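Visitor:
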Amino acid sequence: MSLLDKIDKNRLPGHIAIIMDGNGRWAKARGLERGEGHKEGVSAIRGVVEAASKASIRYLTLYAFSTENWNRPSEEVSGLMDLMVHAFYRETADLKKNGVRVRSIGDMNRLPEHARTALEDCIRETAEGTGLTLVLALSYSSKWELAAASRKIAADAVKGVLREDDIDEKTFADYLTTRGIPDPDLLIRTGGEQRISNFLLWQCAYVEFYFTDAFWPDFGEETLYEAILEYQRRERRYGKTSEQIE
Numbered sequence: 006m007s008l009l010d011k012i013d014k015n016r017l018p019g020h021i022a023i024i025m026d027g028n029g030r031w032a033k034a035r036g037l038e039r040g041e042g043h044k045e046g047v048s049a050i051r052g053v054v055e056a057a058s059k060a061s062i063r064y065l066t067l068y069a070f071s072t073e074n075w076n077r078p079s080e081e082v083s084g085l086m087d088l089m090v091h092a093f094y095r096e097t098a099d100l101k102k103n104g105v106r107v108r109s110i111g112d113m114n115r116l117p118e119h120a121r122t123a124l125e126d127c128i129r130e131t132a133e134g135t136g137l138t139l140v141l142a143l144s145y146s147s148k149w150e151l152a153a154a155s156r157k158i159a160a161d162a163v164k165g166v167l168r169e170d171d172i173d174e175k176t177f178a179d180y181l182t183t184r185g186i187p188d189p190d191l192l193i194r195t196g197g198e199q200r201i202s203n204f205l206l207w208q209c210a211y212v213e214f215y216f217t218d219a220f221w222p223d224f225g226e227e228t229l230y231e232a233i234l235e236y237q238r239r240e241r242r243y244g245k246t247s248e249q250i251e
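Note that the working numbering has the sequence shown beginning at 6, numbered continuously upward.
(1) Could you pull out every residue in the same chain whose Cβ sits closer than 6 angstroms to the Cβ of I233, ignoring the five residues on either side in sequence?
(2) Hey, Y211 and L192: beta-carbon distance below 8 angstroms or not?
(3) Which residues mark the beginning and the end of the beta strand (DSSP E) in which S71 is found?
(4) Using the beta-carbon count (16 or more within 10 Å), is W75 buried or exposed?
(5) DSSP has L143 in a bridge; who is on the other side?
(6) Which value, in whole angstroms, describes the spacing of the CA atoms of E169 and A152?
(7) With a threshold of 7 angstroms on Cβ separation, who are the neighbours of A219 within its own chain once the five nearest residues in sequence on each side are excluded?
(8) Taking the alpha-carbon of D99 as reference, which of F177, G136, E118 and R63 has the nearest alpha-carbon?
(9) Can you tell me where the alpha helix (DSSP H) with V47 in it begins and where it stops?
(10) According to DSSP, is R194 part of a helix, a strand, or is it coil?
(11) Quick test of your reading: E231 and L8, contact by CB under 8 angstroms. State the CB separation rounded to the nearest angstrom.
(12) At least one CB of chain B closer than 8 angstroms to the CB of K157: is that the case?
(13) On a CA-only basis, which of F93, N103, E118 and A162 is nearest I128? Give me that one, please.
(14) What are the complete alpha helix (DSSP H) segments, minimum 4 residues, inside the segment 105-163?
(15) Is the number of C-beta pairs between the segment 25-35 and the segment 100-118 that are closer than 8 angstroms three or more?
(16) So, do the segment 64-80 and the segment 130-149 have three or more beta carbon pairs nearer to each other than 8 angstroms?
(17) Using only the alpha-carbon positions, how far apart do Y64 and E41 sit?
(18) Specify the secondary structure class of F93 as computed by DSSP and reduced to three states.
(19) Spatial neighbours of P117 within its chain, please: C-beta separation below 7 angstroms, excluding the five flanking residues on both sides.
(20) How long is the line joining the alpha carbons of E226 and D112, rounded to whole angstroms?
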């Protein structure tokens, strides 16, 4: 019996975010090149997207490539970009068929043209999806996002579009790349590390963390459901007491 049958459909996390870590270490442990780990990591994405759809998750955000990742060896970065392009063109038809809508967050201007074009094509082709919304964080970092939002707010304040009193938490959130996307309820990190790595710092103010030693290529349907079940065992209080929640 699948763990899916044990999940309470009335207490689902509406938005799951995942830091997909461990591709390189997965490959190293098998005596393979890092690129082979990334290939397996891309394959794992398909299984997790399908599993999230089966569990009726509404939003799934995957940390696919950070701004810090641009500092990796150029050969590895180039290989990652080519893998993404191939995946976009290979998977778009199935994503569209299954009602998955793709969105992206991050500094898209830094992506090579062929990667940006493939991403934009995928987003356009899946725009009418009414099932899972798959958010790809590409060339993304939270510090970059917060700085960019601050610049936009400052520019609008200078133009007179905003007054000082207009700037509150909701206003600030509307200037982030995640505008219109609910904050994550559950953040999963694979690969055994326990840090947030400059990912959705504003949005994760009240997220539930789940860390697993499984490398990303080994993370799949049942491991996702294990994380959801652990989430459902927790009490989310948002600063209140247990008695108030009850």
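Every residue, glycine too, gets a C-beta built ideally from N, C-alpha and C. Since the structure is predicted, the reported quantities are computational estimates derived from the model, not experimental observations.
Guide: So, from the listed chains and residues:
(1) Here residue 233 refers to the residue found at position 228 when the sequence shown is read from its first residue. I12.
(2) Taking the first residue of the sequence shown as position 1, residue 211 is located at position 206. Taking the first residue of the sequence shown as position 1, residue 192 is located at position 187. Not in contact: Y211 and L192 (Cβ atoms no closer than 8 angstroms).
(3) Within the sequence shown, residue 71 is the residue found at index 66, counting from 1. Taken as a continuous stretch (DSSP letters only), the beta strand (DSSP E) holding S71 covers Y64 to S71.
(4) In the sequence shown, counting from the first residue as 1, residue 75 sits at position 70. Exposed, by the Cβ-count rule.
(5) Sequence index remark: in the sequence shown, residue 143 carries index 138 (1-based). Looking at the DSSP assignment, L143 forms a beta bridge with F70.
(6) Within the sequence shown, numbered from 1, the residue matching residue 169 stands at position 164. Within the sequence shown, numbered from 1, the residue matching residue 152 stands at position 147. For E169 and A152, the distance between alpha carbons rounds to 18 angstroms.
(7) Along the sequence shown, one-based indexing puts residue 219 at 214. Taken in chain order, the residues that qualify are T195 and T228.
(8) By one-based count along the sequence shown, residue 99 stands at place 94. Taking only the C-alpha atoms, the option nearest D99 is G136.
(9) For the purposes of this step, residue 47 is taken as the residue at position 42 of the sequence shown. Here the alpha helix (DSSP H) through V47 covers R39 to K59.
(10) Counted from its first residue, the sequence shown places residue 194 at position 189. Correct three-state label for R194: strand.
(11) As a working mapping, residue 231 is identified with position 226 in the sequence shown. As a working mapping, residue 8 is identified with position 3 in the sequence shown. That pair is a contact at about 6 angstroms.
(12) In summary, chain B is missing from the structure at hand, where a single protein chain is found.
(13) As a first step, residue 128 must be located in the sequence shown, where it is residue number 123. It is F93 whose Cα lies nearest to the Cα of I128.
(14) 118-130
(15) no
(16) yes
(17) Along the sequence shown, one-based indexing puts residue 64 at 59. Along the sequence shown, one-based indexing puts residue 41 at 36. C-alpha separation (whole angstroms): 28 angstroms.
(18) To locate residue 93, count along the sequence shown from 1; it is residue 88. F93: helix per DSSP, three-state reduction.
(19) Numbered from 1 along the sequence shown, position 112 holds the residue referred to as residue 117. Cβ neighbours of P117 beyond the five flanking positions: M86.
(20) Sequence index remark: in the sequence shown, residue 226 carries index 221 (1-based). Sequence index remark: in the sequence shown, residue 112 carries index 107 (1-based). Roughly 30 angstroms separates the two Cα atoms.
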